[in-house]
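So the structure is just underneath, and the comments pick up after that.
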Amino acid sequence: MSDLEMPPKIAPMLETRQVCKQYQSGTTTLEVLRGVDFTLEKGGFLAVVGQSGSGKSTLLHVMGLLDAPDSGEVWIDGQRIDNLPGREKDRLRNSAIGMVFQAYHLLPELTALENVLAPLLIRHGIFDWFTQRGIAQEKAKVLLDRFGLSNRLHHRPRQLSGGEMQRVAIARALITDPQVLLADEPTGNLDEESGAGIIEALAELNRDKGLSIVLVTHDADIASQARGIVRLAAGTVDIMDPGAADSAA
Ligand code: ADP
Ligand code: MG
Numbered sequence: 186m187s188d189l190e191m192p193p194k195i196a197p198m199l200e201t202r203q204v205c206k207q208y209q210s211g212t213t214t215l216e217v218l219r220g221v222d223f224t225l226e227k228g229g230f231l232a233v234v235g236q237s238g239s240g241k242s243t244l245l246h247v248m249g250l251l252d253a254p255d256s257g258e259v260w261i262d263g264q265r266i267d268n269l270p271g272r273e274k275d276r277l278r279n280s281a282i283g284m285v286f287q288a289y290h291l292l293p294e295l296t297a298l299e300n301v302l303a304p305l306l307i308r309h310g311i312f313d314w315f316t317q318r319g320i321a322q323e324k325a326k327v328l329l330d331r332f333g334l335s336n337r338l339h340h341r342p343r344q345l346s347g348g349e350m351q352r353v354a355i356a357r358a359l360i361t362d363p364q365v366l367l368a369d370e371p372t373g374n375l376d377e378e379s380g381a382g383i384i385e386a387l388a389e390l391n392r393d394k395g396l397s398i399v400l401v402t403h404d405a406d407i408a409s410q411a412r413g414i415v416r417l418a419a420g421t422v423d424i425m426d427p428g429a430a431d432s433a434a
């Protein structure tokens with residue numbers, strides 16, 4: 186086949202190229218990431234595993250633009266993003282990238298509904314909000330309903346179980362219609378049953394909505410439910426098993 190006949194190459198959803206990150210503590214330098222090459226195809230669902238301290242959260246924060254690499258590159262859908270100006274990074278974190286954390290990070294003073302709405306309030310700003318609020322609230326309610334929380338809309342985080350808080354956090358991550366969801370040990374604070382519910386919800390989003398997902402976990406059972414597993418060890422990707430991640434495209 187000549188080059189002209191080749192189908193256009195589809196850019197991966199998310200890529201890191203030779204990402205390095207070190208931390209300085211006193212006189213010692215901790216090299217956490219030493220050239221990490223990572224690729225998530227569109228519609229992929231990869232688990233990142235590795236021992237505690239292996240740099241899983243650091244890698245996820247770099248991918249999610251919460252932290253900058255010392256060197257190397259981060260690409261999303263064919264665009265390099267690690268070198269963008271701060272405002273552009275903020276915009277991507279409020280649109281293309283959704284994040285979920287072990288400790289939920291919900292705002293305690295806000296209800297479940299208000300927590301889910303917060304990213305859209307930030308996006309539109311207070312003045313536009315009055316014209317956007319109705320549509321946004323409908324969207325948030327649909328999302329919360331999908332996660333079985335339609336009778337928890339006005340509960341505050343402390344009135345919710347861990348599993349419910351995490352489902353609110355996932356709804357908040359999805360309200361901006363991200364292309365990729367980054368989840369850092371989302372079941373880490375949950376009992377087995379609630380944790381299984383969260384992973385099932387993620388698997389369903391991947392399967393039915395084609396959402397691309399990176400799931401950080403130290404739990405092998407949970408990792409096995411992703412469609413491929415990447416192991417971080419000694420600062421690099423040790424095993425890259427893309428699994429069936431590209432077969433659903
Ligand atoms: P994991 O999520 O795999 O458990 P992390 O990415 O959180 O690992 O951390 C990797 C290593 O980097 C750990 O040894 C941790 O102590 C260290 N580390 C993480 N963040 C910082 C920081 N802000 N300053 C100094 N060291 C850090
Ligand atoms: Mg971690």
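Quick note: the sequence shown uses this note's numbering, first residue 186, plus one each step.
Glycine residues also receive a C-beta, built at the ideal position from the N, C-alpha and C atoms.
The model shown is predicted, which means the values in this text are computed figures rather than measured ones.
Query	Result
Given that a residue counts as buried once 16 or more other Cβ atoms are within 10 Å of its Cβ, and exposed if not, what is Leu-250?	buried
For Val-197 and Lys-227, which I take to be in contact (beta-carbon distance under 8 Å), what is that distance rounded to the nearest angstrom?	Correcting the residue type first, residue 197 is Pro in the shown sequence and not Val. Indeed, because the Cβ distance is near 7 Å, the residues count as touching under 8 Å.
Over the uninterrupted alpha helix (DSSP H) stretch that includes Gly-271, give me the two end residues.	271-278
Closer than 6 Å from C-beta to any heavy atom of the ligand ADP: which residues, in chain order?	Tyr-208, Ser-210, Leu-215, Val-217, Gly-235, Ser-237, Gly-238, Ser-239, Gly-240, Lys-241, Ser-242, Thr-243
So what's Asp-362 in DSSP terms, helix, strand or just coil?	coil
Applying the criterion that 16 or more other CB atoms from any shown protein chain within 10 Å of the CB defines a buried residue, is Ser-432 buried or exposed?	Annotation note: pLDDT 41 at Ser-432 (below 50); position unreliable, coordinate value reported separately. So Ser-432 ends up on the exposed side.
According to DSSP, which residues form a beta bridge with Met-284?	Leu-367
Out of Glu-378, Gly-420, Arg-392, Ala-419, which one is the CA nearest neighbour of Ile-407?	Glu-378
Alpha carbon to alpha carbon, what distance is there between Glu-190 and Gln-351?	47 Å
With a threshold of 7 Å, establish whether the CB of Asp-369 neighbours any heavy atom of the ligand MG.	yes
Could you please give me the residues that DSSP links to Tyr-208 through a beta bridge?	Leu-215
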